[in-house]
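Chemist: Residue numbers 69 to 196, in our numbering, belong to the letters of the sequence shown in order. I have a structure here, written as structure tokens, and I will follow up with some questions on it.
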Amino acid sequence: AGVVDAGVPGFAREAAGSLLGSGWTLLRNALNAKQITALRLAATSAAEDLLSRDPQRRGNRGPRRYSFGGASTTHHMVHLQAWADLMDNEALRSVLELAFGGQYVAVGGGGDFVLGETDTHQRLHVDL
Numbered sequence: 069a070g071v072v073d074a075g076v077p078g079f080a081r082e083a084a085g086s087l088l089g090s091g092w093t094l095l096r097n098a099l100n101a102k103q104i105t106a107l108r109l110a111a112t113s114a115a116e117d118l119l120s121r122d123p124q125r126r127g128n129r130g131p132r133r134y135s136f137g138g139a140s141t142t143h144h145m146v147h148l149q150a151w152a153d154l155m156d157n158e159a160l161r162s163v164l165e166l167a168f169g170g171q172y173v174a175v176g177g178g179g180d181f182v183l184g185e186t187d188t189h190q191r192l193h194v195d196l
């Protein structure tokens, strides 16, 4: 449970149940190839920008650990179209509607990346 294929009959109900029961779900195939490519390019560009300002790789979340949102003046990345498109995703929206009955608000979106040879970890957390 927790890993659900978007588009399969009943996927939204299964994913919403997992989200409410365990606090997480993974929607496989929620993005199409064009969305994946756009997000990969945007994330790569943002990561390269962050790394260009940190030649010693100190990170902004610990050694070699980076938060996209933490590096942005808006504290998220939804001002970029690839991230905004994630918030307007039909599969995700159907799961959230079932889980929360329309009573939810998206307050941002970002993500983290970690360079190789990082010897520390970050606990699961909420960035609010």
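Cβ coordinates follow ideal geometry from the N, Cα and C atoms, glycine included.
Does DSSP put Val163 in a helix, in a strand, or in coil?
Modeler: Helix, per DSSP.
Chemist: Let me know the secondary structure DSSP gives Val73 once reduced to three states.
Modeler: Reading off the sequence, residue 73 comes out as Asp, not Val. Reduced to three states, the DSSP call for Asp73 is strand.
Chemist: Can you list, in chain order, the residues of its chain with a C-beta nearer than 6 Å to that of Leu87? Leave out the 5 residues immediately preceding and following it.
Modeler: Only Thr93 and Ala167 meet the Cβ criterion.
Chemist: Can you name the start and end residues of the alpha helix (DSSP H) that Asp122 belongs to?
Modeler: First-last for Asp122: undefined, no H or E at that position.
Chemist: Is it the case that the stretch 94 to 110 contacts the stretch 147 to 167, given that we only count it when at least three CB pairs across the two stretches are under 8 Å?
Modeler: yes
Chemist: If we call anything under 8 Å between Cβ atoms a contact, is Ser120 one with Arg129?
Modeler: no
Chemist: Please list, in chain order, all residues of the same chain as Ala150 whose beta carbon is under 6 Å from its beta carbon, the five residues on each side excluded.
Modeler: Ala106, Leu107 and Ala110
Chemist: Pick helix, strand or coil for Asp153, following the three-state DSSP scheme.
Modeler: Note: Asp153 maps to helix in three-state DSSP.
Chemist: Do you know whose CA, among Leu95, Glu185 and Asp180, lies nearest Arg191's CA?
Modeler: Asp180
Chemist: Can you tell me whether Leu95 is buried or exposed? The criterion is at least 16 other CB atoms within 10 Å of its CB, across all chains shown.
Modeler: The residue is buried, with at least 16 neighbouring Cβ atoms inside 10 Å.
Chemist: Distance check for Val146 and Asp117, CA to CA, integer angstroms please.
Modeler: Per the coordinates, the alpha-carbon of Asp117 lies some 17 Å from the alpha-carbon of Val146.
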